[in-house]
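Heads up, the sequence shown is in the UniProt record's numbering, so the first residue is 1 and it goes up one at a time. The beta carbon of each residue, even a glycine, is placed where N, CA and C say it ideally should be. Structure record follows, encoded as structure tokens.
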Amino acid sequence: MKILVVGSGGREHALCWAIAKSDQCEQLFCAPGNAGIRDVAECVAIKAEDVEGIVQFSMDQSIDLVVIGPEAPLVLGLADKLDAVGIKSFGPSAAAAELEGSKGFMKDILAKYEIPTAEYQRFTDVEAARAYVKEKGAPIVVKTDGLAAGKGVTVAQSLEEALKAVDDAMVGGTFGDAGAEVVIEECMVGEELSFFAICDGMTARAFGSAQDHKAVFDGDKGPNTGGMGAYSPAPVCTPEIEAQIMETIITPLMIGMANEGKPYKGVLFAGLMITVQGPKVIEFNVRFGDPECQVLMMRLGNDILALLDASASGALDQARPAWKDETALTVVMAADGYPGAYEKNTVIRNLDAAQADEAVTIFHAGTALGENGDLLATGGRVLNVTARADSVTDAQAKAYEAVNKVNWPHGYFRTDIGWRAVGREKAEN
């Protein structure tokens, strides 16, 4: 098969790395890719949001399967456009991608099909939104309706913080058009879980669990980021919890979306809160998480390409994932200043030595090659230093040993990725 992966981040590097190992993979392209992806795929200079350019390239190269990494091209209808010219793709239609493209749409679907989630209201009027916040009090959650690159959510601990979040989105225009409507919902209490299911419109298969670390600083302090590290599997996702998630959330959603005429294909990423009443939906994403994808790909024990193709072909009833009996943990190395302003094109060295251990892989998230061959940091989140081991404690130690070998004075990282699970392991021992 000839494969095109769309995107340029750590998620796409992990997907390319896994797909390249498949016996079915004859040729692998990535658009636009990054410096690390060049090691496993041929990078082509087409932006992920250039829907027409990607469709044309796929036709010209007789691509068999397009794997769409980020949410933006999905919301723009890339899967639909590929389908129209007879090219298979992994990812939902634009109509189904509204599960991530509009938080209001997502919450309305949950309410209609009685899928557990937080109580909520939608607002396009700023005064009505402010009044609702004052009525409900804090803590309370304010979300932009549209896509905001993972940054449009405020878990407000005070009334002042909640009102500021409303004003920033609806008056200040901090998130552009994405903040013209907001969803305000109750603040759920429990442990967060990233849960994945791979879907073909009819069948859904559980596809692993992970825990992300969104806050920028140790101890889950500071502003939210796109994710500073993750590990998989998540201990909170017991077999009983997984069965409950599939029964009360994933299966009803698949039925509901089919009923709405928007059958769901691709990967469904459910951000969940495990409450005393059971799992409840925080949000859905319509693509693999980043950095959760990196740890899932490190743990996957069978051919990812066969699974992606089964999803795209409506044949998941004949395929299911298999997992290595190991934990994977990834530490994000970010540019100093992220998630605020940061310097670009700083030089990174010593990656080969850092990933000399066969159980360590460094996925590139925001890198490019300089004219003289130097590896340059071009994004906010730059590297995902990922390790496999028999326990979270050992995977954490292996990952940080590798992190400390990377020579990048302009980078920083959290030092406590996996702290909850490590604490659990210590308590059990």
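Here Asn407 carries a strand assignment [DSSP, helix/strand/coil].
DSSP places Pro279 within a strand segment (E or B) once states are collapsed to three.
Residue environment: Gln355 is assigned as buried (16 or more neighbouring CB atoms within 10 Å of its CB, all protein chains considered).
A contact is defined here as three or more CB-CB pairs under 8 Å, and the segment 271 to 280 fails this definition with respect to the segment 301 to 316. Contact between Ile417 and Tyr231 holds: their C-beta atoms lie close to 7 Å from each other, under 8 Å. Pairing Leu300 with Lys344, the inter-Cα distance amounts to about 33 Å. Val183 and Asp145 do touch by the CB rule: their CB atoms are close to 6 Å apart, below 8 Å. Cα atoms of Gln396 and Gly256: separation of roughly 39 Å, rounded to the nearest angstrom. In this structure, the CA atom of Ala258 is about 7 Å from the CA atom of Gly201. Proximity of the segment 193 to 207 to the segment 281 to 298 meets the contact definition, three or more beta-carbon pairs being nearer than 8 Å. Following the DSSP letters along the chain, one finds Cys30 inside the beta strand (DSSP E) bounded by residues 27 to 32. Taking the C-beta atoms as reference points, Ala138 is found nearer than 7 Å to Gln157. Put simply, the backbone Cα of Lys262 is about 45 Å away from that of Val406. In summary, Ala243 is exposed, with fewer than 16 beta-carbon neighbours lying within 10 Å of its beta-carbon over all protein chains present.
Judged by DSSP in its simplified three-state form, Met59 adopts helix. DSSP places Pro139 outside both helix and strand once states are collapsed to three, so it counts as coil. By the C-beta density criterion, Glu98 is buried, having at least 16 other C-beta atoms within 10 angstroms. Contact between Gly208 and Pro233 is confirmed by a C-beta separation of about 6 Å, below the 8 Å threshold. Note that the C-beta distance between Val66 and Ser89 is below 7 Å. Between the C-alpha atoms of His410 and Val332 there is a straight-line separation of about 14 Å. Scanning Pro339, Thr386, Val347, Val55 for the CA closest to the CA of Met297 turns up Thr386. Relative to Asp39, the option among Gln56, Ala148, Ile19 whose CA is nearest is Ile19. When the five nearest sequence neighbours on each side are left out, the beta carbons in the same chain lying within less than 6 Å of the beta carbon of Val44 are those of Phe29, Ala31, in order along the chain. The closest CA to that of Ala353, considering only Ala399, Ser311, Thr393, Ala310, is found on Ala399.
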